[in-house]
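Chains as they are written, first to last, in this note's numbering: chain A, 1066 to 1339; chain B, 1066 to 1339; chain C, 338 to 615; chain D, 338 to 615. Glycine included, each C-beta is placed from N, C-alpha and C at the ideal position. Since the structure comes first, as structure tokens, the remarks are kept for the end.
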């Protein structure tokens, strides 16, 4: 059953396209923010800092903390409250994994081959988690690669410890896999691609708007307001040194959140006629 | 043909849902930002300014310029670079208008009833423009309503001139209608709902990222970099006093941009077999 | 290919012969339908060809459908029937040749739905709309009077289900709704692609009667179908397409006479030799 | 409802009678299929009922499908055939009653695809995958050996098109692909819902032979179809469902004998009295 679900993921163009868009988006963001801008600023390429003016707010990649911040496998953010292409792509990958069977009726042969619906869900969760992990590791490799190229260009030492780097990259890969599962569960609940994508966007926008309002009203962002998917994902790739939710806690909280939604999808799958 | 396209729009739940989401999202944003926060700040409701602290960055609605800024029919922004629910909803409305016929094969009876494809496009453009205008006027009414309630609560005079107000609201309504047409053309080109929504999101994200990068590199945002849909939409609801592209020019530029995409959709519709 | 002379007494068995596969036009039109006064063929298909990325889907196909006749269009899956039908209706552009409806191509018809009603495989039914909403849209598209909606709903027997959403319709009910839409414009020609798909036996019986009475009133029907037993019961003429070309065409009874009048044995013999695409 | 005694010589016309609509089980199973040694009915449907929001779709339906028999499941659109089939296959949960496959419900079968192969209306074919990819997924789902994929592709005649995307398949080719997936697990029971939909005449002929030889080898077939002429050619027994209830059941020849052996006239008489849902 698991192998069948893996085949379903690898034999559709839409999933491949989602991964390709995510990787391409991540490369574009990371190359620009982590490699090109610091290189411009340092004068390694381009006319040099003076010609560009003082407004160029490039990463200063000399400290270990800055290097850890720049290596984000979820894509370095260009501003608070934005949703990165890389994260969107893996969420959409998950929604597609959850809805394709419904769109073209593939759920019928699946349920015929395995009448125990719980096992169908297990196979889908495992296949999507594996696919998400592969995407997450790819994202981590891309971010690490752009950082190393940037450091080479700027002739800067790698100041972050390998252990810390591994922690950020690993946390990111896990977060990406969990995002894929979140998309999967939303997709199974929604059953239609469009509804799944819209519900997912709605959840993300809700998080952005809710946090903006909470911040406006309270003047700060309390910990409970950060127990939402995007914030937990960002916390999972933080170095943990800057306060906020520690990475391990963030991954665990994200996993718990995803588990709840997956459980809801399981209840729906079991109780609905196909 | 036009009446048939209007019926298509009014007899599907998805379009109604998109409009409902857009209006609800706009009401939520506007009520929060334009009514509740200023009322909290002024002490009209809640514990009063002192208890809330100085960080509450509420609109100061005493000046005409501030009132014009707050009345945005596209939704007051909670931060630069964000995409409002109201704008997303009307773009999705357009994509749905362009793709529903393809999703369920309704394009076949349509082409049988009217073999001249150009007339099909004309009917779709007119129907979607009208629907978009209705949504735009609704958005305008919502924003005006929230502003007036806020002014009443704060016992503040309406400082903006009715002519200026009408200009902002009218520009917003036109921009909303043009966004619907943009979605329609993207939908006709993409033919599938999911592809249409993704292409649209890709265009919006491209605008946000491209402008962020241009701003980072050049330190400013040149006029040519603002010739993209979201920026033109924002410029269309600006009062024109703050520099940037004047509202009338913005509406015209947005219309030209949309016309190009609609023309591409027309070419595709005419040359493709159905 | 043979050419039959026209007859003056149109009866089920020896009505004026219709079908020509060699591009010649039968002009012996003593038969004038009550719906149309034209003496040109209702449908004249002339050396129609179309390729898809090198694969010749339809090659030099010619045949006529005359007034008052039911023509069965037969052929294996992938033989080119659907592509031919789509070219007749202006949905696909031919590489060469033309399909004329009373002398004009579909795209040049002023009010095509008043002349041709079509039921195609991809029925174009949005599951979220009711049957009546679909017909309201169809009526608006062809500027048919709203009163026609109830008339066709009654005609196809869908009136009791008209206000239910199509999502709950069976395949047979969807076929009836498509047929209702095709009848809205009171056309004189019907083009039906597998209209019996999903119809239950009572529905097939009803459809047979509807096609027969439509033709008896002077209308013309091009009926594409795989159910040979149904075609044998209702068609006046047949055209068999295999591998994109016309393999046989003519009046039904005389064409299958050599096979003891059995359409299936005639058809299987004919298409077996041309090694039909599966 | 009548109960026929078992016969020891299974032949086309007087093989052991199968179908019971009153819930009683025929135990006279001298006939042992080559595929199964069980003496229980292949399928035993027992007082199955299901309602949808107050509407009783299936009410107290009981019948058997014995080894080596082809049972035609007939009925008007909306009569409850599809709902019955979906309950047999565990896709929908009955409100009451049960459907047993060799004595066990579908959801309790260890390896259901090795026992039952099904072709349903919603074929579950993603247009972006090739025919072979679909079968690879199906084989992975039921842990069938990869060699079976080429075997069933040959069996249904799809081998030449196996590496093309399903988007380019005709309806008939999709039906063949669904049938190939149903045969993957080498089941002893086939449940077919309108399998002839979209098949061309050669395909229908082939399907008829496949069903017949499957049953002659001891397999059981539940065949739901609207094309009575095809059912008459291949079924041993028939069950007619109308308005959610069993209206008639029994051996085909003897059941329609009173109507001059004509299944259509028998069927139309039977369902006309129960005012079929359209």
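Which residues in chain D sit within 7 Å of residue 1179 of chain A, going by Cβ to Cβ distance?
Taking the first residue of the first chain as position 1, residue 1179 of chain A is located at position 114. Near residue 1179 of chain A (Cβ distances below 7 Å), the residues of chain D are 478.
Could you tell me how far apart the beta carbons of residue 1334 of chain B and residue 1253 of chain B are, in whole angstroms, since I believe they sit closer than 8 Å?
Looking up residue 1334 of chain B in the second chain gives position 269. Looking up residue 1253 of chain B in the second chain gives position 188. Rounded to whole angstroms, the Cβ separation of residue 1334 of chain B and residue 1253 of chain B is 6 Å, and the two are in contact under 8 Å.
Is the beta carbon of residue 528 of chain C sitting closer than 8 Å to the one on residue 426 of chain C?
Here the question's residue 528 of chain C lines up with position 191 in the third chain. Here the question's residue 426 of chain C lines up with position 89 in the third chain. Yes.
Run through DSSP, which three-state label would residue 1206 of chain B get?
As a working mapping, residue 1206 of chain B is identified with position 141 in the second chain. In the structure shown, residue 1206 of chain B adopts helical secondary structure according to DSSP, grouped into three states.
Cβ of residue 1222 of chain A within 8 Å of Cβ of residue 1304 of chain A?
Position 157 of the first chain, counting from 1, holds the residue named residue 1222 of chain A. Position 239 of the first chain, counting from 1, holds the residue named residue 1304 of chain A. Not in contact: residue 1222 of chain A and residue 1304 of chain A (Cβ atoms no closer than 8 Å).
Could you check if residue 448 of chain C is buried or exposed, using at least 16 other CB atoms within 10 Å of its CB as the buried criterion?
For the purposes of this step, residue 448 of chain C is identified with residue 111 of the third chain, where counting begins at 1. Flag for residue 448 of chain C reads exposed.
I need the straight-line Cα distance from residue 535 of chain D to residue 1086 of chain B, nearest angstrom please.
Along the fourth chain, one-based indexing puts residue 535 of chain D at 198. Along the second chain, one-based indexing puts residue 1086 of chain B at 21. Roughly 42 Å separates the two Cα atoms.
For residue 474 of chain C, I'd like the list of residues in its chain whose CB is within less than 8 Å of its CB, leaving aside the five on either flank, ordered along the chain.
Working through the third chain from its first residue, we reach residue 474 of chain C at position 137. Correct list, in chain order: 466.
How big is the Cα-Cα spacing for residue 1296 of chain A and residue 1161 of chain A?
The sequence position of residue 1296 of chain A within the first chain is 231, counting from 1. The sequence position of residue 1161 of chain A within the first chain is 96, counting from 1. If you take the alpha carbons of residue 1296 of chain A and residue 1161 of chain A, they lie about 23 Å apart.
Could you check the C-alpha separation between residue 392 of chain D and residue 581 of chain D for me, to the nearest Å?
Reading the fourth chain from its first residue, position 55 is the one you call residue 392 of chain D. Reading the fourth chain from its first residue, position 244 is the one you call residue 581 of chain D. Near 10 Å, if we compare the C-alpha coordinates of residue 581 of chain D and residue 392 of chain D.
Rounded separation between residue 1330 of chain A and residue 1258 of chain A - CA only:
As a working note, residue 1330 of chain A is residue 265 in the first chain. As a working note, residue 1258 of chain A is residue 193 in the first chain. Approximately 15 Å between the Cα atoms of the pair.
Note down, in chain order, every chain B residue with its Cβ under 8 Å from the Cβ of residue 294 of chain C.
This structure gives no information on residue 294 of chain C, because the portion of chain C shown stretches from 338 to 615.
Chain D contact residues for residue 1077 of chain A, given Cβ-Cβ distances below 8 Å
Working through the first chain from its first residue, we reach residue 1077 of chain A at position 12. Within 8 Å Cβ-Cβ: 463, 465, 466.
Does DSSP classify residue 1067 of chain B as helix, strand or coil?
For the purposes of this step, residue 1067 of chain B is taken as the residue at position 2 of the second chain. In the structure shown, residue 1067 of chain B sits in a helix (DSSP, three-state: H, G or I).
Which stretch, first to last residue, makes up the alpha helix (DSSP H) that contains residue 1167 of chain B?
For this step, residue 1167 of chain B is matched to residue 102 along the second chain. Note, residue 1167 of chain B: alpha helix (DSSP H), 1150 to 1168.
State the DSSP-derived secondary structure class of residue 1077 of chain A, mapped to helix, strand or coil.
As a working mapping, residue 1077 of chain A is identified with position 12 in the first chain. Correct three-state label for residue 1077 of chain A: coil.
Buried or exposed: where does residue 1220 of chain A fall if 16 or more other Cβ atoms within 10 Å of its Cβ makes it buried?
By 1-based counting over the first chain, the position of residue 1220 of chain A is 155. By the neighbour-count rule (16 or more Cβ atoms within 10 Å), residue 1220 of chain A is not buried but exposed.
Assign residue 1288 of chain A to one of two classes, buried (16 or more other C-beta atoms within 10 Å of its C-beta) or exposed (fewer than that).
Here residue 1288 of chain A corresponds to residue number 223 of the first chain, with the count starting at 1. Its Cβ having fewer than 16 others within 10 Å, residue 1288 of chain A is exposed.
At which residues does the alpha helix (DSSP H) containing residue 473 of chain D begin and terminate?
Position 136 of the fourth chain holds residue 473 of chain D. Its alpha helix (DSSP H) spans residues 468 to 479.
Residue 1278 of chain A to residue 1149 of chain A span [Cα, whole Å]:
On the first chain, position 213 is the one that residue 1278 of chain A refers to. On the first chain, position 84 is the one that residue 1149 of chain A refers to. Each residue's alpha carbon lies about 21 Å from the other.
Compute the distance between the beta-carbons of residue 1237 of chain B and residue 1204 of chain B, then report whether it is under 8 Å.
For this step, residue 1237 of chain B is matched to residue 172 along the second chain. For this step, residue 1204 of chain B is matched to residue 139 along the second chain. Yes.
At a Cβ cut of 8 Å, what residues of the segment 433 to 444 of chain D count as close to chain A, listed as they run along the chain?
443, 444
With DSSP as the reference, label residue 1222 of chain A as helix, strand or coil.
Working through the first chain from its first residue, we reach residue 1222 of chain A at position 157. Here residue 1222 of chain A sits in coil by DSSP.
Rounded to whole angstroms, what's the CA-CA distance from residue 577 of chain C to residue 595 of chain D? Just pull it up for me.
Taking the first residue of the third chain as 1, we reach residue 577 of chain C at position 240. Taking the first residue of the fourth chain as 1, we reach residue 595 of chain D at position 258. Straight-line Cα distance between these residues: approximately 37 Å.
Identify every residue that forms a DSSP beta bridge with residue 587 of chain D.
Position 250 of the fourth chain, counting from 1, holds the residue named residue 587 of chain D. Beta-bridge pairing links residue 587 of chain D to D/575.
Of all the residues that make up the segment 544 to 578 of chain D, which are near chain C by a beta-carbon distance shorter than 7 Å?
563, 564, 565, 566
Using only the alpha-carbon positions, how far apart do residue 428 of chain C and residue 1066 of chain B sit?
Here residue 428 of chain C is taken as the residue at index 91 of the third chain, counted from 1. Here residue 1066 of chain B is taken as the residue at index 1 of the second chain, counted from 1. Cα-Cα distance, rounded: 18 Å.
Please report the straight-line C-alpha distance between residue 405 of chain C and residue 559 of chain C, rounded to a whole angstrom.
Indexing the third chain from 1 puts residue 405 of chain C at position 68. Indexing the third chain from 1 puts residue 559 of chain C at position 222. Residue 405 of chain C and residue 559 of chain C: Cα-Cα distance of roughly 11 Å.
Less than 8 Å between the C-beta atoms of residue 533 of chain D and residue 567 of chain D, yes or no?
Numbered from its first residue, the fourth chain carries residue 533 of chain D at position 196. Numbered from its first residue, the fourth chain carries residue 567 of chain D at position 230. Cβ atoms of residue 533 of chain D and residue 567 of chain D: closer than 8 Å.
With DSSP collapsed to three states, give me the class of residue 1339 of chain A.
As a first step, residue 1339 of chain A is located in the first chain; it is residue number 274 there, counting from the start. Here residue 1339 of chain A sits in coil by DSSP.
When you compare the CB of residue 1258 of chain B with every CB in chain A, is at least one pair closer than 8 Å?
Along the second chain, read from residue 1 onward, the residue named residue 1258 of chain B stands at position 193. At least one chain A Cβ lies under 8 Å of residue 1258 of chain B.
In whole angstroms, give me the CA-to-CA distance for residue 433 of chain C and residue 416 of chain C.
Here residue 433 of chain C refers to the residue found at position 96 when the third chain is read from its first residue. Here residue 416 of chain C refers to the residue found at position 79 when the third chain is read from its first residue. Inter-residue distance for residue 433 of chain C and residue 416 of chain C is about 18 Å (C-alpha atoms, whole angstroms).
Using 10 angstroms around the beta-carbon of residue 1081 of chain A, count the other beta-carbons present and answer buried if the total reaches 16, otherwise exposed.
Numbered from its first residue, the first chain carries residue 1081 of chain A at position 16. Result: exposed.
Could you tell me the distance, in whole angstroms, from the CA atom of residue 1302 of chain B to the CA atom of residue 1314 of chain B?
Taking the first residue of the second chain as 1, we reach residue 1302 of chain B at position 237. Taking the first residue of the second chain as 1, we reach residue 1314 of chain B at position 249. Their backbone Cα atoms lie some 11 Å apart in a straight line.
Spell out a yes or no on whether the segment 585 to 601 of chain C and the segment 437 to 446 of chain C are touching, meaning 3 or more CB-CB pairs, one atom from each, closer than 8 Å.
no
The alpha helix (DSSP H) spanning residue 1298 of chain A covers which residue range?
In the first chain, counting from the first residue as 1, residue 1298 of chain A sits at position 233. That run of the alpha helix (DSSP H) goes 1294 to 1301.
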